[in-house]
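1 is the number of the first residue of the sequence shown in the UniProt record's numbering; add one for each residue after it.
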Amino acid sequence: MQKRADKLKIKCYHGVENKLLKFQELCKDYRLNEVAFVGNDINDIVLLEKVGVSVAVNDAYEPVKKICNIILKKNGGEGAVREFCEMVYKAKEEI
1 MQKRADKLKI
11 KCYHGVENKL
21 LKFQELCKDY
31 RLNEVAFVGN
41 DINDIVLLEK
51 VGVSVAVNDA
61 YEPVKKICNI
71 ILKKNGGEGA
81 VREFCEMVYK
91 AKEEI
């Protein structure tokens, strides 16, 4: 994951114990009030319940899928984030 983030020149936070706290810090630091989050496992649920758009990869843990607004066709690590980004770009073009 870190290599991909480096290639894309984005920050990657891996192994964060308290995802909600880190999320709140990032929202404050970057002045974000509209956020989408792509998750796949039980430890993502706390964030998926807080964001405006909750997204699950196709192979996500079933309870995660049940609470998400969007379920992607792609599995995690197989182009799911790209699939979601393309959805966002397409929606933006339609506005």
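Even for Gly, the Cβ is constructed at its ideal location relative to N, Cα and C. Quick caveat, the model's predicted, so the values are computed rather than measured.
With a Cβ-Cβ cutoff of 8 Å, do residue i and residue j count as a contact?
i, j, result
"L72", "K50", "no"
"I45", "I67", "yes"
"N69", "D59", "no"
Could you tell me how far apart the beta carbons of residue i and residue j are, in whole angstroms, since I believe they sit closer than 8 Å?
i, j, result
"Y13", "D41", "Rounded, the Cβ-Cβ distance is 16 Å, inconsistent with contact."
"V38", "A80", "7 Å"
Could you tell me the boundaries of the beta strand (DSSP E) in which residue i lies?
i, result
"A56", "V53 to A56"
"A36", "A36 to G39"
What does a CB cutoff of less than 8 Å around residue i pick up in its chain, not counting 5 residues either side in sequence?
i, result
"V64", "G39, N40, D41, I42, D44, I45, L48 and A56"
"V16", "K22"
"C27", "N33 and V35"
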